[in-house]
Amino acid sequence: MKALVTALKKRLTERQTGEDGFSLTEIMVAVFIMGLLATVVVVNVLPMRDRAMQQKVVDDVQKLEGALYDYSLAMRTFPSQSQGLSALIEAPSGVNNADNYPEGGFLLRNQLPKDPWGNEYEYRNPGEHGRIDVFSYGADGRPGGEGLDADIGNWAEEE
42 MKALVTALKK RLTERQTGED GFSLTEIMVA VFIMGLLATV VVVNVLPMRD
92 RAMQQKVVDD VQKLEGALYD YSLAMRTFPS QSQGLSALIE APSGVNNADN
142 YPEGGFLLRN QLPKDPWGNE YEYRNPGEHG RIDVFSYGAD GRPGGEGLDA
192 DIGNWAEEE
């Protein structure tokens, strides 16, 4: 036992003969591996972000469409094109059945959402795809487009 303690003591007190630190090659390999990992993460995360933004539009459009149908049940008609989506948060003037308009409007928090790119949602009455259209023009904010720039609305994707 004493020999083991002596050997450990000797080993701990001996001066190392090798150089301390990392070589330039080791550092370069570590930096390369970190860069490779960062690239893999970015390539896999960005498409998920794009899909999440498109899904937010789908969810918002469904909520707005539901609120418009609630409006039509209470007011016996959909908001006109000129009244637009703002009729969901503020009672339009000069409409029939105005006393049926709920105090807080038809949207939670009495606020119109914006699409993930900061644009207002569009409303069309009469709609081109159905009775009414609620949609976003996509990332570019212009009609048409593909990918993130594609219009997303309350109509079927086959159209």
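Note that the working numbering gives residue 57 to position 16 of the sequence shown, counting from 1, and the numbers run on in steps of one. For every residue, glycine included, the Cβ atom is placed at its ideal position computed from N, Cα and C.
- Excluding sequence positions up to five before and after Gly125, its CB lies within less than 7 angstroms of the CB of Tyr164, all in the same chain and listed in chain order.
- Residue environment analysis places Ile74 among the exposed positions, since fewer than 16 neighbouring C-beta atoms fall within 10 angstroms of its C-beta.
- Per DSSP, Glu106 is one residue of the alpha helix (DSSP H) stretching across Leu65 to Met116.
- In the structure shown, Asp174 falls within a strand segment according to DSSP collapsed to helix, strand and coil.
- Under DSSP, Tyr164 forms a beta bridge with Val175.
- In the three-state reduction of the DSSP assignment, Gly194 falls in the strand class, which pools E and B.
- When Cβ pairs closer than 8 angstroms are counted between the two stretches, the segment 154 to 161 is seen not to touch the segment 76 to 92, the count staying below three.
- Taking 8 angstroms as the cut-off, the Cβ atoms of Gly182 and Ala191 do not count as close.
- Taking C-beta atoms as the reference points, Ser177 and Asn160 count as a pair closer than 8 angstroms.
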